[in-house]
Amino acid sequence: MSPRHGLGRPRARRPLLRAAAVLATALAGAVAVPAVATAEDAATTVVGELVHVLAEGEPGAAHTGDADARLSWVETDAGPVRVDPEQVAAVPAGATVSLTVGGTVEDAAGADPAGADGYAGARTVLAGEVVAAPAEPRPARSPRSGLTNEVTVVLVAPAGTGPDDTLLADVAATVDGPVADFWAEQSGGAIALGVGQAWNWVSTTAGCADPEAMWAEAARAVGFVPGPGKHLMLRLSGQTAAQPGCGYALAQVGSGPASGGRLYVRETLPSVIAHELGHNFGLGHSSAEQCDGTVEGGSCRTVGYRDLYDVMGASWGQTGSLNAVQAAALGVLPAGSAETVTTQDAPRTVSLAPLAGGTGVRALQLVDADGVAYWLELRAGVGRDRWLTTPDNVYGLDAGVLVHRTGRFPDTSLLLDGTPAAASGWEADLRSALPVGVPVPLSGGDFTVTVQGVDGGGALLQVVPSPSPSGTAAGPADSRSPVGTLIGGRAAGAAAAEQPAAGASLPAASVAAAAVVAPTATATAPASGTAPGEEAGVLLPVAAASALGGAGLLALRGMRAALLRRR
């Protein structure tokens, strides 16, 4: 049993611009410099750890990408200094940087230069370099026998709030029970997490607008020491729902299960806590791509968190098992459970066992001519997916063969629609399984996949590769961002620029968050302008991260995009 502590509360005391220059380092980090810099503020140099954060709309709002915006800052000895996120997008979170910054700009977060909702204005980056790469974590032994990942739980009332009726024992039991069971199951026992210590209410002078300070204050109060496999989880008072900058959840993004990290949640819900710990483990979001009447190509949109099958997508009443993309990113696909086909291979027939069944070949990876991976998996009503064939499947999700494509930040896994609807029907279309007997081309014809048969015990697939002529590039180019590539710098009013080719080897990292309430007994497809589940009484999580390493932050802002500015 982990110790439970009581602690006295202390007194309250836009468009992209082609980069004019790239400052390369031995680490191949890059900062994009705008062609024209503002002179509103005197130039100054800041040095510290780079943090990436995603500020997002109200849970339950439509997540088409329009309401999502990135925040970045440098954590200096004197405090955080916000910078234009587009200019430092190629630099991995957790890296130590030295940046010369100028005037404030209105960045993609929607915050004005005055700093909406408690955030300081973003500064233009005039020059900079990466001083040091993110540290590589090494596993450490936990004082609690048998744990690879030890969670310190703290109930926290940030500035301007007080404790609510949350019970410490309930939070600890959720982590030690369903959350720990989930990650042990998904990792084949490789991830053994549990509560090391649990502390009752702590009041902080810092609020959600400064999560670094809030985490640090809570850590000092309870004696938490960060390290490999060490997680600090704050369960915030429900009163934070009305506080500026407070989201349903926020998590630091690590480089793997050994990273450890920090997170906070506002609800004691297993799916949300499991999701945020997934970010600590280095996982990104499970999202969806919808194209107008076709599986790929043409007019498409990416919808964050719309993979309702997966824990790293929308959080709801079911804690969905990891899809093949996420399991591969985490390194927990057992030997012999996956096969790979390339464009140079001969046609083949593959038998897929259910992903949640625990045995057999459960994932098929197709690698196109550009090296982009597509993953096929069978979702059947067995194991953790047994809800698919019960009334608990309130969204009417398909049991059947799904196809995912590896994606780019912040949507690192993309569920493709195997039975695509026209754009006018996208909001109501939550059915994604490939149809039986219909050849489906992937990656511009690099592969043609036909589901020949499917039942609860397995699926039979025929895969026909189509080698591309030498020198041609097949497959979707707009769904991924090579790690460390330069994303054009930005200046207010500038025109969009091309994205340069890959140029660095350091991993990038980012941010995420989650929000959810339990679903009602029945659900209908949401109307236009809502996220999946809104009409069913489900608030979808909003989180963004990356399975790309580093140590980024991920934050869900509890407000609609239209309310991001102060009124």
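So the sequence shown is residues 45 to 611, counted in the numbering used here. The C-beta atom is built at its ideal place from N, Cα and C for all residues, glycine as well.
- In the three-state reduction of the DSSP assignment, L396 falls in the strand class, which pools E and B.
- Collapsing the DSSP output to three states places M277 in a strand.
- With distances taken between CA atoms, S476 lies nearest to D351 out of V135, D351, V266, L505.
- V426 carries a coil assignment under DSSP once its states are collapsed to helix, strand and coil.
- P485 sits in a strand when the DSSP states are folded into three classes.
- Put simply, of F491, V91, G233, S247 the residue whose alpha carbon is nearest the alpha carbon of V175 is V91.
- E93 is bridged by DSSP to E119, T140.
- The Cβ atoms of W227 and A318 sit closer than 8 Å to each other.
- Taking 8 Å as the cut-off, the beta carbon of Y439 is found no closer than this to the beta carbon of L486.
- Straight-line spacing of the CA atoms in S359 and T88 works out to 42 Å.
- Cβ contact annotation for G401 (same chain, cutoff 8 Å, sequence separation greater than five): A424, V426, G427, in chain order.
- Less than 8 Å divides the Cβ of G282 from the Cβ of R310.
- P509 and P435 have their C-alpha atoms some 39 Å from each other.
- Shown here, T218 sits in a helix according to DSSP, grouped into three states.
- By the criterion of at least three beta-carbon pairs nearer than 8 Å, the segment 189-204 is in contact with the segment 270-282.
- Each of A242, Q334, T386, L420 was checked against the Cα of G469, and the nearest Cα belongs to Q334.
- With respect to the C-alpha of H323, the residue from E340, W245, V347, A293 having the closest C-alpha is A293.
- The three-state reading of DSSP puts F325 in coil, since its state is none of H, G, I, E or B.
- Shown here, D499 sits in a strand according to DSSP, grouped into three states.
- Membership of R452 in any beta strand (DSSP E) is not indicated, and neither H nor E is assigned to it by DSSP.
- Every beta strand (DSSP E) stretch that sits fully inside the segment 231-304 and reaches 3 residues is listed by chain position as 237-247, 274-280, 293-297.
- Within the DSSP bridge table, the entry for R406 names no partner.
- Within a 10 Å sphere around the beta-carbon of Q362 sit 16 or more other beta-carbons, which makes this residue buried.
- In its chain, beyond the 5 residues on either side, A397 have a beta carbon closer than 7 Å to the beta carbon of G404.
- By alpha-carbon distance to L191, the top candidate from E93, G147, F268, P301 is P301.
- Take the alpha-carbon of T210 and the one of V195: they are about 18 Å apart.
- The three-state reading of DSSP puts Q362 in coil, since its state is none of H, G, I, E or B.
- Within a 10 Å sphere around the beta-carbon of Q296 sit 16 or more other beta-carbons, which makes this residue buried.
- Relative to the Cα of A166, the nearest Cα in the group V132, G251, A263 belongs to V132.
- Here T140 is buried: its Cβ has 16 or more other Cβ atoms, across all protein chains shown, within 10 Å.
- Taking C-beta atoms as the reference points, L441 and L459 fail to come closer than 8 Å.
- When DSSP reads this structure, N367 sits in no beta bridge, so it has no partner.
- P136 has its alpha-carbon roughly 22 Å from the corresponding atom of V149.
- In the three-state reduction of the DSSP assignment, L170 falls in the strand class, which pools E and B.
- For N437, there is no enclosing beta strand (DSSP E), as DSSP marks it with neither H nor E.
- DSSP lists A166 as the bridge partner or partners of V149.
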